[in-house]
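Under the working numbering, the first residue of the sequence shown is numbered 5, with each subsequent residue one higher. Every residue gets a Cβ at the ideal spot worked out from N, C-alpha and C, and that includes glycine. None of these values were measured; they are calculated from a predicted model. To start, the structure under review is shown below, and the notes come after it.
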Amino acid sequence: MTNRALRIGLVGYGFMGRAHSNAYKRVNDFFDLQYRPVLKAVCGRNRDNLEQFGAQWGYESIEADWTALVRRPDIDVIDIASPNHTHAEIASAAASAGKIVLCEKPLARDLTDAARMVEAVEYARVPNMVWYNYRRVPAVTLAKQLIDEGRLGRIFHYRTKFLQDWTMSRDLPQGGQALWRLDAEAAGSGVTGDLLAHCIDTAIWLNGPVHQVTATTETFIKERRHQKSGQVEPVRIDDASAFLARFDNGCLGTFEATRFARGHKALYTFEVNGESGSLAWDLHDLHRLQFFDHRDESKLRGWRSIHVTDGDHPYMSHWWVPGLQIGYEHTFIHQMADFLQSIASGTPITPSFRDALATEKVTSAVLKSARSGKWEVCN
Ligand code: SOE
Numbered sequence: 005m006t007n008r009a010l011r012i013g014l015v016g017y018g019f020m021g022r023a024h025s026n027a028y029k030r031v032n033d034f035f036d037l038q039y040r041p042v043l044k045a046v047c048g049r050n051r052d053n054l055e056q057f058g059a060q061w062g063y064e065s066i067e068a069d070w071t072a073l074v075r076r077p078d079i080d081v082i083d084i085a086s087p088n089h090t091h092a093e094i095a096s097a098a099a100s101a102g103k104i105v106l107c108e109k110p111l112a113r114d115l116t117d118a119a120r121m122v123e124a125v126e127y128a129r130v131p132n133m134v135w136y137n138y139r140r141v142p143a144v145t146l147a148k149q150l151i152d153e154g155r156l157g158r159i160f161h162y163r164t165k166f167l168q169d170w171t172m173s174r175d176l177p178q179g180g181q182a183l184w185r186l187d188a189e190a191a192g193s194g195v196t197g198d199l200l201a202h203c204i205d206t207a208i209w210l211n212g213p214v215h216q217v218t219a220t221t222e223t224f225i226k227e228r229r230h231q232k233s234g235q236v237e238p239v240r241i242d243d244a245s246a247f248l249a250r251f252d253n254g255c256l257g258t259f260e261a262t263r264f265a266r267g268h269k270a271l272y273t274f275e276v277n278g279e280s281g282s283l284a285w286d287l288h289d290l291h292r293l294q295f296f297d298h299r300d301e302s303k304l305r306g307w308r309s310i311h312v313t314d315g316d317h318p319y320m321s322h323w324w325v326p327g328l329q330i331g332y333e334h335t336f337i338h339q340m341a342d343f344l345q346s347i348a349s350g351t352p353i354t355p356s357f358r359d360a361l362a363t364e365k366v367t368s369a370v371l372k373s374a375r376s377g378k379w380e381v382c383n
């Protein structure tokens, strides 16, 4: 298929810059699409790093100033993969310049910035999308299909967690390259915005809106050296965050995220319990979906472990032969394939900035509840 170029300007060259670049490069190898991403420019502040990244990934040019990138007539898409505090300004300028705007999660550092970003893209009427990649794990997409088919019936419980352990050392500094996630100024919050945001996005997608929450957070290490000032400064992010939720559909939710669960690197799990069945999924075993169907004949009832690798499973016909697995990076390729299909057909892209705003409203209510000690409404 001959396809039209969609010229990408990427802001940020860290872990997420690599994940997005890989998606741009691979998507047309595995999906037949009318559009083809072209790596026009990568933007960041450190020229040496930029040059190295640009050469390694095959970007045609580099830009050390994002305002110049946004003004370039040879760019169609601005993709923001820089720290959270930069999202709002870049997205708003990109939308005003008429660019398609893609943004890494969480949408913004706080709710005010997030609302501003939604307003900017909707006012400019430009396509927009947030990279909540876990929706595109085939097993998670299959969970969505089974729920939408009504196989669980009325849903009573949604239980989810995202556990890590990489910030437990008190010698780890905050701020600057690679460690901005520990700096409230850059990140906005700690695990609430970084990890719970994933859990909330998936939960809303699978189970509908969250109405209210009651939360508690903790910062176990209160002071860390800041990489920029060199001084020991108070830590203002949450190291751990847990909350109870009430969904609009009457379901109860429990959510937990921490960077202090020794031994866990990225244990994202969810379980959904309904009247007629239950589903469970685990990122460490991401190609499997556990399903219990109460409508099975009683003597045969039991949890099935579905190996989501068959041709009729979501996305899998684009990859290898049944039984062979794919991984984390493919979720970004799937999201890019869906995005390019939406651009071609003119249909809405999900999750849009407005979809991601719903997650921001929940994370904001979580942080508010942790301060107030009360139930808070997510609006
Ligand atoms: C944090 O360590 C992190 O990289 C998140 O920022 C990502 O969103 C998550 O997918 C993996 O963990």
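- For Leu54, the uninterrupted alpha helix (DSSP H) run begins and ends at Arg51 to Trp61, by DSSP.
- Cys47 and Ala72 have their C-alpha atoms spaced approximately 9 Å apart.
- For Cys107, the enclosing beta strand (DSSP E) stretches over residues Ile104 to Glu108.
- Rounded to the nearest whole angstrom, the C-alpha separation of Gln231 and Ala201 is 26 Å.
- With a cutoff of 8 Å, Arg185 counts as near the ligand SOE, since its C-beta is closer than that to a heavy atom of the ligand.
- By the criterion of a C-beta distance shorter than 7 Å, Gly154 is surrounded by no residue of its chain, once the five residues flanking it on both sides are discounted.
- Note that the C-beta distance between Trp285 and Val141 is below 9 Å.
- In terms of Cβ geometry, Thr221 and Ala244 form a close pair [threshold 9 Å].
- Remark: the C-beta of Asn137 is in contact range of the ligand SOE, defined as less than 8 Å to any heavy atom.
- A straight line joining the alpha-carbon of Pro177 with that of Leu304 spans about 54 Å.
- Less than 9 Å separates the beta-carbon of Ser25 from that of Trp61.
- For Val214, the uninterrupted beta strand (DSSP E) segment begins and ends at Val214 to Glu222.
- In terms of CA proximity to Asp52, Tyr17 leads the group Val81, Leu283, Tyr17 and Ala360.
- Contact between Arg139 and Thr206 holds, with the beta-carbon distance rounding to 6 Å and staying under 8 Å.
- A Cβ-Cβ separation of about 6 Å places Asn383 in contact with Lys365 under the 8 Å criterion.
- With a threshold of 16 other beta carbon atoms within 10 Å, Phe166 meets it and is buried.
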